[in-house]
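Asks:
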Amino acid sequence: MTNPDLTDAVWRKSTRSDSNGGACVEVADLRDGVAVRDSKDQTGPTLAFDAQGWRTFVDSLKNN
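Taking the UniProt record's numbering, I'd label the letters of the sequence shown as residues 1 to 64.
(1) Where does residue 33 fall in DSSP's three states?
(2) To which residues does DSSP link residue 13 through a beta bridge?
(3) Exposed or buried, what is residue 23 when buried is set at 16 or more other beta-carbons lying within 10 Å of its beta-carbon?
(4) Using DSSP bridges, identify the partner residues of residue 51.
(5) Among 43, 26 and 41, which one has its Cα closest to the Cα of residue 35?
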């Protein structure tokens with residue numbers, strides 16, 4: 001997925017994230033996939049995955 005339009009993206013954090021400003025990521029559902037960003041740097045870089053790439057990414061995190 002290249003350069004998705006994030007203008008209207010609705011970002012969310014895990015309910016397991018603490019409120020102390022720790023190491024959190026936010027995700028946004030996109031029309032063709034999912035975007036991920038650092039919650040402390042909301043204007044910084046994002047990672048964008050198509051649906052299959054997102055599933056592969058999450059599965060690899062669960063397995064490690």
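Backbone N, C-alpha and C define an ideal beta-carbon position, used for all residues, glycine too.
Replies: Considering the structure as presented:
(1) strand
(2) 26
(3) exposed
(4) The partner list for residue 51 (beta bridge, DSSP) is empty, contrary to what the question assumes.
(5) 26
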